[in-house]
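Just below is one structure, and these are the notes that go with it.
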Amino acid sequence: DELFSSLNVRIDGIDSTHFALQKLIRLLKGTRGGTSIVLAFDGNALDSTLYVKGLYRFSTRTRLLAERGTAEGVREVERTVSSILQFNVSERGDAVTNVYFIGLTAAEEGLMESVAAAFNLRAAALCDPEGAVCFPRGSESNLADYACAVGNLIGRWRA
């Protein structure tokens with residue numbers, strides 16, 4: 039509390055990872071109206087969220103059993119994506135066109151391409167080409183590495 043007070047920053051609350059990502063997805067112009075899946079990796083946990091027309095529809099949290107960055111790990115993520123796509127079809131949702139990744143490691147560079155090819159989706163690290171989120175000048179930071187923190191900094195928002 040002292041740190042934030044000294045910076046004249048008031049904290050009203052801290053959101054869950056899930057809600058912080060919802061706020062961020064609503065903020066980003068590129069994800070706002072589309073039907074997409076967001077995969078957020080955190081250690082051996084994977085939060086997978088389906089957005090239909092930019093609005094939250096479904097999410098699941100999975101414990102990854104296979105080592106990240108391995109062929110078995112890729113297949114495990116592909117099974118998760120397949121399950122979400124099947125759920126979306128069963129709900130008669132709009133076709134999923136994009137999958138966004140958060141928290142990938144250097145060893146997982148090929149995961150985006152693998153998922154894209156397996157399901158005929160556009161895959162990319164979550165980014166902000168419109169500049170809604172600004173990092174300090176000269177920073178090497180990218181949104182996919184700080185998505186949950188950035189989502190928590192977004193003010194009041196209603197679903």
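Heads up, the sequence shown is in my numbering, so the first residue is 39 and it goes up one at a time. Here a beta-carbon is modelled for each residue, glycine too, at the ideal position from N, C-alpha and C. Computed from a predicted structure; not experimentally measured.
Exercise. Which one or two residues does DSSP pair with residue 162 in a beta bridge?
Worked result: DSSP, once it has assigned bridges, lists 138 as partnering residue 162.
Exercise. What residue range is occupied by the uninterrupted beta strand (DSSP E) comprising residue 76?
Worked result: 74-80
Problem set entry | Selected residue, minimal CA-CA separation from residue 76, among 82, 83, 91, 59 | Checking every option, the nearest Cα to that of residue 76 belongs to 59.
For this session: State the beta-bridge partners of residue 83 as determined by DSSP.
Result: Per DSSP, 80, 101.
Exercise. Counting pairs of beta carbons, one from the region 77-88 and one from the region 118-131, are three or more of them closer than 8 Å?
Worked result: Output reads yes: the region 118-131 touches the region 77-88.
Exercise. Excluding the five sequence neighbours on either side, which residues of its own chain have a C-beta within less than 7 Å of the C-beta of residue 101, listed in chain order?
Worked result: 82, 83
Exercise. Under the DSSP definition of a beta bridge, which residues are partnered with residue 88?
Worked result: 75, 96
Exercise. Taking the Cβ atom as the reference point for each residue, do residue 103 and residue 116 lie within a distance shorter than 8 Å?
Worked result: no
For this session: Look at residue 163 and residue 149 and say whether their C-beta atoms are less than 8 Å apart.
Result: no
Exercise. Helix, strand or coil: which one does DSSP assign to residue 156?
Worked result: helix
Exercise. From residue 105 to residue 43, what does the alpha carbon distance come to, in whole angstroms?
Worked result: Cα-Cα distance, rounded: 41 Å.
Problem set entry | Counted within 10 angstroms of its Cβ, other Cβ atoms place residue 140 as buried (16 or more) or exposed | Label assigned to residue 140: buried.
Exercise. For residue 136 versus residue 72, is the C-beta spacing smaller than 8 Å?
Worked result: yes
For this session: Tell me where the alpha helix (DSSP H) around residue 122 begins and ends.
Result: 109-128
Exercise. Closest to residue 95 by CA distance: which of 107, 127, 147 is it?
Worked result: 127
Exercise. Which residues bound the alpha helix (DSSP H) around residue 45?
Worked result: No alpha helix (DSSP H) holds residue 45; DSSP gives it neither H nor E.
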